[in-house]
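Notes for the one structure printed next.
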Amino acid sequence: MLSCKSLLSQTINKKRKKNKSKNKNKNKNSNTRVSKKHNLVSKTQTYEEEEEEEDCEEGFNLKTSAAPSHTHGVQPLGNLYINPGSINSRNTGLGSLQTLTDELVLDILGLLGGTHLGVLATVSKSFYVFTNHEPLWRNLVLENLNAGFLYNGSWKSTYVAACYPSFDVSSAGVSGLRVRDFYSDYLFQSWLCANLEMKPEWLQRDNIIRRKGISVEDFVLNFEELNKPVLLEGCLDNWVALQNWDRDYLLQLCSDVQFAVGPVDMKLQEYFRYSDQVREERPLYLFDPKFAEKVPKLGSEYEVPVYFREDLFSVLGNERPDYRWIIMGPAGSGSSFHIDPNSTSAWNAVIRGSKKWILFPPDVVPPGVHPSPDGAEVACPVSIIEWFMNFYGATKNWEKKPIECICKAGEVIFVPNGWWHLVINLEESIAITQNFVSRRNLLNVLDFLKRPNANALVSGTRDRVNLHDKFKNAIETSFPGTIDQLVQKAEEKKAQQKQSFWDSVTDSKVGAFKFSF
C-alpha cells in the first residue's frame, strides 16, 4: 500500500474531450489529493471512453496511451472525507464481509474460478468491482491457459475469449461499467501505478562511473576487484545484434518460437501483441535462459565483452546453472529489487530502448525491501512504480546513496556480486544479460553454494545440493591450485587490513597528552 508517513497535497487537472459525433465539448477536471490519514493520492474520477488529453500542473503525470485501463469508478479513500454525506458503496455491497480488508477479500476471491467470479459479479456493485480486479483474471489466465493464449485488451476478456469462444466479448462491455461512491485505496493504487509516467526527478540522478575503451586490467583493478559498478560504453560496436535486433527482424527470425514469459511460454508474436495492448501494474517480462538453444542464430549475433570472458562456471559444461538471458519488455516492465543468483556478478547490455537502474551495495538493504534472515525470500512493494512513489525520495538523504543511471542502447552495465538492484524499462527494450564467475568472486560463490540452506538459495539448476562439490572439483581439475592461491591471497589481505587498523590506532596516539605518576 502507499505510504502513510507524510502529508502530500497535489492537484491534477485533466482536460477530457468527448467524441465529436456526440456533439459534446466539455472539459472535465479531476482533483488529486492525498488523505491525511492514508497519504494516498485522491482523485475525483471522471472517465470518458473517448480520446482524452491529460495535463499535470504538479505531482504525477498520467500516461496518454490509448491502451484501456479501467477503474470502474473506484476512488481513493481520501475522497470520502471531502464528499460529505457520501456512503462508501464498497461497504454496503459487501454486507458482513465489509470488515475484511481489500487484500483479504481479493485473496478469498482468488480461490474462485472464472465462472464463480462471473456469478458473484451480479450480486452487488461492490462485488462487481472486486471480481473485475484485473490481477484476479491475470492469475486465472496464467494458471489455466499456459498452453497458449492471445491477449485481448484485458485479462478478463482474454480469459472469456479463450474459455468461451462463442461468446462475443467485444459486444458485451466486459469491463465498461462504473460504480459511484466506491472508495478503496488498495484498488485505486493498482490503477494508479499502472498509469503513472516516471517522474522527471526519478530519472535525473546519474552518479555511476562511465568508462569507454579501458583495458581489461583497468576494469579488474578499479571495478571488479573493488566490487564496484561501472557503465561501459563502446564495447558492443561489433555486435550484429546491435544492428539487426529490432521487432521486425526478430519476428522474421523467430515469430513462432516460444519464449519464457513469467510463468508461461509465449510465441514471440503473441508476446508483442500483449505488450502493445497492456497497461498494468506489473507487465509480463520476456526473460528466457534458453534463447540461444531455441534460436542458435541469436546466440551467434553477440559476443561476451572482453571484460567478462573469464567465466569459471563454464567448467561444468551443460551442468552449469542458467547464466544468460534475452530480455524484452514494454515501458514499465522490469525487475524489482533483487540480488543476482548464486553470488555471481553480471553484465547487462541494452540493444534497443533504455533502462533505469538503481543499485545499493551489499551492506545496504533498499528502503521498503525486507529479506528473510536466511536470504531465501524477499518481500518488497508489489510494483516498481510503487517503490518509486513511496521510497525513492527517502534515499536522497541517505549517507550511502544508491548508484543510479540510465543505460541506453549500445551500453553495458557491470553489476558486482551481492549488489541489490532494480531495473525498469523506460521504453520498449531488448537486452542481453549474463551472470559469470571470475577469480575475483570465486570464493564468494563457493561459500554461497555450501550454505546449509543451499537447497533454497541456489537457483538455475536442478541439482542444488551437490552443485558446490561438483563446481569445486571441476575447478581443481581444470585449474589446479587456484582455490588455494585465492584463499591464501584473501587471508593475506585480511591480515594486512587488520594490521593497517592497529597502525592507525597507534598513530592516532602520537603526541597525545600523557599522565605521569
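Each residue of the sequence shown is one higher than the one before, starting from 1 at the first, in full-length UniProt numbering. Note that the Cβ used here is the ideal one computed from N, Cα and C, for glycine as well. In this text, all values refer to a predicted model and were calculated from it rather than measured experimentally.
In terms of Cβ geometry, Phe287 and Arg247 do not form a close pair [threshold 8 Å]. Cβ-Cβ distances below 7 Å link Val458 to Asn342, Leu449, Arg464 and Leu467 in the same chain, with the five nearest sequence neighbours on each side left out; the list follows chain order. The beta carbon of Asn435 is closer than 6 Å to those of Tyr323, Asp340, Thr344 and Ala346 in its chain, skipping five residues each way along the sequence. As a beta-bridge residue in DSSP terms, Glu404 pairs with Ile358.
Annotated as distal: Phe388 and Val230, with beta-carbon spacing of 8 Å or more. Rounded to whole angstroms, the gap between the alpha carbons of Glu103 and Tyr186 is 7 Å. For Val412 against Ala349, the beta-carbon gap comes to about 5 Å, under 8 Å, which counts as contact. Separation of the CB atoms of Leu443 and Val378 is rounded to 24 Å, and the pair is thereby denied contact status at 8 Å.
The beta carbon of Ala490 sits closer than 7 Å to those of Leu443, all from its chain and outside the five residues before and after it, given in chain order. When Cβ pairs closer than 8 Å are counted between the two stretches, the stretch 392-404 is seen not to touch the stretch 297-315, the count staying below three.
Counting along the chain, Ile475 sits inside the alpha helix (DSSP H) bounded by residues Leu467 to Ser478. Residue burial annotation: Gln252 is exposed, with fewer than 16 other C-beta atoms found within 10 angstroms of its C-beta. By alpha-carbon distance to Val382, the top candidate from Asn88, Pro135 and Leu100 is Pro135. Taking a contact as a CB-CB distance under 8 Å, the pair Ser314 and Leu422 does not count as one, their CB atoms being some 29 Å apart. Classified as exposed, Thr99 has fewer than 16 neighbouring CB atoms from the shown chains inside 10 Å of its CB. DSSP lists Thr433 as the bridge partner or partners of Trp325. Secondary structure at Asp311: coil, using DSSP grouped into helix, strand and coil. The three-state reading of DSSP puts Arg180 in coil, since its state is none of H, G, I, E or B. For the set Asp206, Lys294, Phe182 and Lys470, the Cα lying nearest the Cα of Tyr128 is the one of Phe182. For Asn348, no alpha helix (DSSP H) encloses it; the enclosing beta strand (DSSP E) starts and ends at Ser345 to Arg352. If you check the CB distance, Leu80 and Gly114 do not come in under 8 Å. Shortest Cα-Cα distance from Ala409 to any of Pro416, Asn417, Asn425 and Trp398 involves Asn425. Closest option to Gly332, judged by alpha-carbon separation, among Leu196, Phe223 and Arg205: Leu196. Excluding residues up to 5 positions away in sequence, Pro330 and Gly353 lie with their Cβ nearer than 6 Å to the Cβ of Glu428 in the same chain. Here Pro373 carries a coil assignment [DSSP, helix/strand/coil]. For the pair Cys254 and Pro289, the Cα-to-Cα distance works out to about 16 Å. For Leu94, the closest of Asn83, Arg282, Leu120 and Trp155 by C-alpha to C-alpha distance is Leu120. Excluding residues up to 5 positions away in sequence, Tyr302 lie with their Cβ nearer than 6 Å to the Cβ of Trp239 in the same chain. Pairing Asn390 with Gly418 gives a Cβ-Cβ distance that is not under 8 Å.
Between the beta-carbon of Leu106 and that of His133 there is about 6 Å, and that keeps the pair under the 8 Å contact cut. The Cβ atoms of Glu233 and Arg210 sit closer than 8 Å to each other. Runs of the alpha helix (DSSP H) lying entirely within the stretch 276-312 and spanning at least 4 residues, in chain order: 291-294 and 296-300. Between Trp357 and the set Ile327, Tyr159, His116 and Trp202, the nearest pair of CA atoms involves Trp202. For Ile483, the CB contacts under 8 Å within the same chain, skipping 5 residues up- and downstream, are Leu442, Leu443, Leu446, Lys472, Ile475 and Glu476 in chain order. Here Asp206 really is in contact with Ile406; their C-beta atoms are around 7 Å apart, less than 8 Å.
With contacts defined as CB atoms closer than 8 Å, Phe167 and Val74 fail to qualify as a contacting pair.
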